[in-house]
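Taken in order, these protein sequences are the chains called A and B.
Residue numbering for the first sequence is 1 to 383, as defined by full-length UniProt numbering.
Residue numbering for the second sequence is 1 to 182, as defined by full-length UniProt numbering.
Backbone N, C-alpha and C define an ideal beta-carbon position, used for all residues, glycine too.
One structure below.
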Amino acid sequence: MKKIIEILELSKRISNSILNKDNPDNKDIARFFEKEDREYIINNLVDKEKLREQYLLRKKIEKSKSENWKKLEKGKKTNIRYLVFLGRVAAIFIGLFTTIYFIQIKKAPSNEIQISEEVIKLKVGKDNIKVIRQGETREIVAVSGEVLGIQNGNKIIYHTNPEIKELVYNELEVPYGKIFDIELSDGTIVHLNSGTSIKYPVNFLKGKKREVFIDGEAYFDVAKDINHPFIVNADSVAVEVLGTSFNISSYKEDTEIKTVLVEGKVNMYNTHSPNNKIILKPGYKGAWNKSEKHTYVEEVDTGLYIGWISGELIFRGSTFNNMVRKLERRYNVSISNNNVDLQNKKFNARFSVNVENIQDVMESINKISPFDYKIIDNQIIIY
Amino acid sequence: MLKKTNQLNRKEYKALFNAYYTSLCLFSNKYMNDVELSKDVVQDVFINIWQKKTIPKEKLATKAYLYTAVKNKSLDYLKSKYQRVKSDQTLDDIKKSEKDSFFLREVVVVEASEIIEKAVNTLPIKCKRIINLSLKGLSNKQIAEELSISTSTIKTQKKIAYQKMRPLLKDYFLLLLSPLFL
Numbered sequence: 001m002k003k004i005i006e007i008l009e010l011s012k013r014i015s016n017s018i019l020n021k022d023n024p025d026n027k028d029i030a031r032f033f034e035k036e037d038r039e040y041i042i043n044n045l046v047d048k049e050k051l052r053e054q055y056l057l058r059k060k061i062e063k064s065k066s067e068n069w070k071k072l073e074k075g076k077k078t079n080i081r082y083l084v085f086l087g088r089v090a091a092i093f094i095g096l097f098t099t100i101y102f103i104q105i106k107k108a109p110s111n112e113i114q115i116s117e118e119v120i121k122l123k124v125g126k127d128n129i130k131v132i133r134q135g136e137t138r139e140i141v142a143v144s145g146e147v148l149g150i151q152n153g154n155k156i157i158y159h160t161n162p163e164i165k166e167l168v169y170n171e172l173e174v175p176y177g178k179i180f181d182i183e184l185s186d187g188t189i190v191h192l193n194s195g196t197s198i199k200y201p202v203n204f205l206k207g208k209k210r211e212v213f214i215d216g217e218a219y220f221d222v223a224k225d226i227n228h229p230f231i232v233n234a235d236s237v238a239v240e241v242l243g244t245s246f247n248i249s250s251y252k253e254d255t256e257i258k259t260v261l262v263e264g265k266v267n268m269y270n271t272h273s274p275n276n277k278i279i280l281k282p283g284y285k286g287a288w289n290k291s292e293k294h295t296y297v298e299e300v301d302t303g304l305y306i307g308w309i310s311g312e313l314i315f316r317g318s319t320f321n322n323m324v325r326k327l328e329r330r331y332n333v334s335i336s337n338n339n340v341d342l343q344n345k346k347f348n349a350r351f352s353v354n355v356e357n358i359q360d361v362m363e364s365i366n367k368i369s370p371f372d373y374k375i376i377d378n379q380i381i382i383y
Numbered sequence: 001m002l003k004k005t006n007q008l009n010r011k012e013y014k015a016l017f018n019a020y021y022t023s024l025c026l027f028s029n030k031y032m033n034d035v036e037l038s039k040d041v042v043q044d045v046f047i048n049i050w051q052k053k054t055i056p057k058e059k060l061a062t063k064a065y066l067y068t069a070v071k072n073k074s075l076d077y078l079k080s081k082y083q084r085v086k087s088d089q090t091l092d093d094i095k096k097s098e099k100d101s102f103f104l105r106e107v108v109v110v111e112a113s114e115i116i117e118k119a120v121n122t123l124p125i126k127c128k129r130i131i132n133l134s135l136k137g138l139s140n141k142q143i144a145e146e147l148s149i150s151t152s153t154i155k156t157q158k159k160i161a162y163q164k165m166r167p168l169l170k171d172y173f174l175l176l177l178s179p180l181f182l
């Protein structure tokens, strides 16, 4: 207890030195914390992103504060009465009451959108589809009974298995509103965005190219193996790499298939002219326009394309129409827009899926460009 | 002997809730990584307080008591969840967050950032608006036109603000003035 009081006093001194001297007092912090924790504290108090995250969380909590107070007060009154008259029995009763009360809170997150019934599906054989629940730990077993890998929380990890001599594919389907990761048998990590499905061998074979197929959006961190090129097939585009990190987005409803290179080197080509390879450099985007059948290359801010991995939705000069598609996927909602003026309006915005729900998002857009809208379950109608 | 605890009445209870609820939720979230669950944890702690009706008398001791209670409740929850899910990673995470140094450093982050945010937020609105425009690169003259006030007012307001706020606070400023659209 004494220690934490000292820590509270330290917090006061740190904030005062930031407010008055523009610098947290490193020496003072060092009296209480080791290097790693010291850096963590300072970073959390001066880093722009960290500040923003924290601030938004605070606001989100503030929003439901009075509502939570009311609930607390309501519950409390009943408790007092029982406390007075029933003494010991009351304690049990209160316990029970609290439990019921908590279940109720969880069941009805005020007017938030209901979580969709859609689930992550893993197809391990022709008729063998497993439902993957986020956060669980379980083994992934082939139809033959062999253990292929393990699901650990929000990720499936495939083991290498030299016994497997032929290509066996698994297919993973991530619905709208969810994201999920897999680690392939070669150590390649794939982050899958909402509304994405991917087909991949449970084991890559020696001497063969490593090849996967994707529909939707994914970020690949490919394990280096110069003897086995890694190929991502997305609709009519193929991206070939040796070991590198890149993002590829190929949703059926989008007009372009976009590849953004973060690190390393990739070759892009398409089925219409497979010999016409385009080499992308880090920080560049190659976009294949489906109707024009042409690839455009341009320099981009890669952060805008990979923010989704950490739950960020970033828009820079995006038209409302483009924004709508991304919001629908990420929040698993359907947005019908009847406001013609709005369609091609351009927005800069940044949302954090873990902090802001779809109501918050709609409110924010509305503040910038007012329009009438209604949210009914997971339907949003704009007039 | 000095009386170290306080009998809580309704009014004090509400004041306690108002003063600490948000920070405690934020703090619990460092353990839980889930805002809704964090709210539940804090709510639970407040229910316990009302049942006991006693609370340390001194302000810092109250805070210390609350942070400790929220930490314990959060860890209880994580452990009971671990019992059900049994994943190595969760156990590692729990062990890490059980350490005293984790607890103390998160208290510092939540406490210090709250004080700073409050300080920036208490600046008068006019003052905030001027600083915001100036951070956007507008000259005093341009700001004067934008807000239809005299340039001398702007100079004094800026002086007030900068006396309180150093350059590092620029980020806090931008944050509080335009949280969503950067």
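**Message:** Under 8 Å: do the stretch 91–100 of chain B and the stretch 42–55 of chain B share three or more Cβ pairs, one atom per stretch?
**Reply:** no
**Prompt:** Taking just the CA atoms, how far does Leu242(A) sit from Pro229(A)?
**Reply:** On the first sequence, position 229 is the one that residue 229(A) refers to. On the first sequence, position 242 is the one that residue 242(A) refers to. C-alpha separation (whole angstroms): 5 Å.
**Item:** Range covered by the alpha helix (DSSP H) that runs through Phe46(B)
**Value:** Residue numbering aside, residue 46(B) sits at position 46 when the second sequence is read from its first letter. Where Phe46(B) is concerned, the enclosing alpha helix (DSSP H) stretches over 35–52.
**Message:** Between which two residues does the alpha helix (DSSP H) holding Gly303(A) run?
**Reply:** Here the question's residue 303(A) lines up with position 303 in the first sequence. Gly303(A) -> alpha helix (DSSP H) spans 302–306.
**Message:** Per DSSP, what are the beta-bridge partners of Pro370(A) in this structure?
**Reply:** Looking up residue 370(A) in the first sequence gives position 370. Answer by DSSP bridge pairing: none, since Pro370(A) is not bridged.
**Request:** Going by CA-CA distance only, name the one from Trp69(A), Lys374(A), Arg13(A), Asp47(A) that's closest to Ala15(B).
**Result:** The count along the second sequence starts at 1 and reaches residue 15(B) at position 15. The residue with the shortest Cα to Cα distance from Ala15(B) is Trp69(A).
**Message:** Tell me which residue opens and which closes the beta strand (DSSP E) that Thr188(A) is part of.
**Reply:** Translated into the one-based positions of the first sequence, residue 188(A) becomes position 188. Unbroken run through Thr188(A): none, as it is neither H nor E.
**Asked** So, does the CB of Phe27(B) fall closer than 8 Å to a CB anywhere in chain A?
**Response** As a working note, residue 27(B) is residue 27 in the second sequence. It does not: the Cβ of Phe27(B) has no partner Cβ on chain A nearer than 8 Å.
**Request:** Closer than 9 Å, Cβ to Cβ, to anything on chain B: give me those residues from the stretch 341–359 of chain A, in chain order.
**Result:** Phe347, Asn348, Ala349, Arg350, Phe351, Asn354, Val355, Glu356
**Request:** Give the range of the alpha helix (DSSP H) segment to which Arg105(B) is assigned.
**Result:** Along the second sequence, one-based indexing puts residue 105(B) at 105. That run of the alpha helix (DSSP H) goes 100–121.
**Item:** Start and end residues, alpha helix (DSSP H) containing Arg330(A)
**Value:** Along the first sequence, read from residue 1 onward, the residue named residue 330(A) stands at position 330. Segment 320–331, the alpha helix (DSSP H) holding Arg330(A).
**Asked** Are the C-beta atoms of Thr62(B) and some chain A residue less than 8 Å apart?
**Response** Within the second sequence, numbered from 1, the residue matching residue 62(B) stands at position 62. Output row for Thr62(B): interface = no.
**Request:** Could you spell out where the alpha helix (DSSP H) holding Asp28(A) opens and where it closes?
**Result:** For the purposes of this step, residue 28(A) is taken as residue 28 along the first sequence, with counting starting at 1. Residues 26–30.
**Prompt:** Taking Cβ-Cβ distances shorter than 8 Å, what residues in chain A pair up with Tyr21(B)?
**Reply:** On the second sequence, position 21 is the one that residue 21(B) refers to. Ile61, Lys65, Asn68, Trp69, listed in chain order.
**Request:** Kindly give me the distance between the Cβ atoms of Val232(A) and Ile214(A), rounded to whole angstroms, as I take these residues to be in contact under 8 Å.
**Result:** For the purposes of this step, residue 232(A) is taken as residue 232 along the first sequence, with counting starting at 1. For the purposes of this step, residue 214(A) is taken as residue 214 along the first sequence, with counting starting at 1. Yes, they are in contact, since the Cβ atoms of Val232(A) and Ile214(A) sit about 6 Å apart, within 8 Å.
**Item:** Own chain, CB closer than 6 Å to Ile132(A), minus 5 neighbours either side, in chain order
**Value:** Locating residue 132(A) in the first sequence gives position 132, where the first residue counts as 1. Excluding sequence neighbours, Ile132(A) sits near Ile120, Leu122.
**Message:** Under DSSP, the alpha helix (DSSP H) around Asp341(A) begins and ends at which residues?
**Reply:** The residue you call residue 341(A) lines up with position 341 of the first sequence. Residues 340–343.
**Asked** Three-state secondary structure (DSSP) at Glu12(B)?
**Response** The residue labelled residue 12(B) in the question sits at position 12 within the second sequence. Helix at Glu12(B).
**Message:** Would Leu8(B) pass as an interface residue toward chain A - the criterion being a Cβ-Cβ separation below 8 Å?
**Reply:** By 1-based counting over the second sequence, the position of residue 8(B) is 8. No, Leu8(B) lies away from the interface with chain A (no Cβ there is under 8 Å from its Cβ).
**Request:** Within 10 angstroms of the Cβ of Asn33(B), are there 16 or more other Cβ atoms? Answer buried if so, exposed if not.
**Result:** The residue labelled residue 33(B) in the question sits at position 33 within the second sequence. When all chains shown are included, Asn33(B) counts as exposed.
**Prompt:** Do Lys73(B) and Asp100(B) have their C-beta atoms closer together than 8 Å?
**Reply:** Here residue 73(B) corresponds to residue number 73 of the second sequence, with the count starting at 1. Here residue 100(B) corresponds to residue number 100 of the second sequence, with the count starting at 1. No; because the gap between Cβ atoms is not below 8 Å, this pair is not in contact.
**Item:** CB of Val300(A) within 8 Å of CB of Gly311(A), strictly
**Value:** Numbered from its first residue, the first sequence carries residue 300(A) at position 300. Numbered from its first residue, the first sequence carries residue 311(A) at position 311. Not closer than 8 Å, so no.
**Asked** Contact between the stretch 291–300 of chain A and the stretch 253–272 of chain A: three or more CB pairs below 8 Å?
**Response** yes
**Request:** Output the boundary residues of the alpha helix (DSSP H) element that contains Asn140(B).
**Result:** For the purposes of this step, residue 140(B) is taken as the residue at position 140 of the second sequence. It spans 140–147 - the alpha helix (DSSP H) in which Asn140(B) sits, taken as one unbroken run.
**Asked** Any contact of the stretch 136–151 of chain B with the stretch 33–53 of chain A, i.e. 3+ C-beta pairs under 8 Å?
**Response** no
**Segment contact, 8 Å Cβ cut-off, at least three pairs: the stretch 34–43 of chain A with the stretch 101–112 of chain B** = yes
**Asked** Which residue comes first and which comes last in the beta strand (DSSP E) that contains Ile278(A)?
**Response** Counting from one through the first sequence, the residue named residue 278(A) turns up at place 278. From DSSP, the beta strand (DSSP E) with Ile278(A) extends over 278–280.
**Request:** Have a look at Lys63(B) and Ala238(A) and give me their C-alpha separation to the nearest angstrom.
**Result:** Working through the second sequence from its first residue, we reach residue 63(B) at position 63. Working through the first sequence from its first residue, we reach residue 238(A) at position 238. If I take the Cα positions, the gap works out to 58 Å.
**Request:** Under 7 Å between beta-carbons, which chain B residues line up against Arg58(A)? List them in chain order, please.
**Result:** Numbered from its first residue, the first sequence carries residue 58(A) at position 58. Going along chain B in sequence order, the residues near Arg58(A) (Cβ under 7 Å) are Thr22, Leu26.
**Item:** Contacts of Asn44(A) in chain B (Cβ-Cβ under 7 Å)
**Value:** In the first sequence, residue 44(A) corresponds to position 44, counting from 1. Going along chain B in sequence order, the residues near Asn44(A) (Cβ under 7 Å) are Val109.
**Message:** For Leu342(A), which residues in the same chain have their Cβ closer than 8 Å to its Cβ, ignoring the five residues on either side in sequence?
**Reply:** Taking the first residue of the first sequence as position 1, residue 342(A) is located at position 342. If we look at Leu342(A) and ignore the five residues flanking it on each side, its Cβ neighbours are Phe320, Ser369, Phe371, Ile382.
**Message:** Tell me the rounded alpha-carbon separation between Lys71(A) and Lys11(B).
**Reply:** Taking the first sequence and counting its residues from 1, the one referred to as residue 71(A) is at position 71. Taking the second sequence and counting its residues from 1, the one referred to as residue 11(B) is at position 11. About 16 Å.
**Asked** Can you find a CB in chain A that lies within less than 8 Å of the CB of Leu104(B)?
**Response** Counting from 1 along the second sequence, the entry for residue 104(B) is found at position 104. Interface residue, yes.
**Item:** Beta-carbon proximity of Tyr200(A) to Tyr169(A), cut-off 8 Å
**Value:** What you label residue 200(A) is simply residue 200 of the first sequence in a count that begins at 1. What you label residue 169(A) is simply residue 169 of the first sequence in a count that begins at 1. Taking 8 Å as the Cβ cut-off, Tyr200(A) and Tyr169(A) qualify as a contacting pair.
**Item:** Whole beta strand (DSSP E) elements within the stretch 185–230 of chain A, 3-residue minimum
**Value:** 189–192, 196–201, 210–221
**Message:** Below 8 Å on the Cβ atoms is my contact criterion, and I expect Gly216(A) with Asn332(A) to pass it. Report the Cβ-Cβ distance as a whole number of Å.
**Reply:** The sequence position of residue 216(A) within the first sequence is 216, counting from 1. The sequence position of residue 332(A) within the first sequence is 332, counting from 1. 14 Å between Cβ atoms; not a contact.
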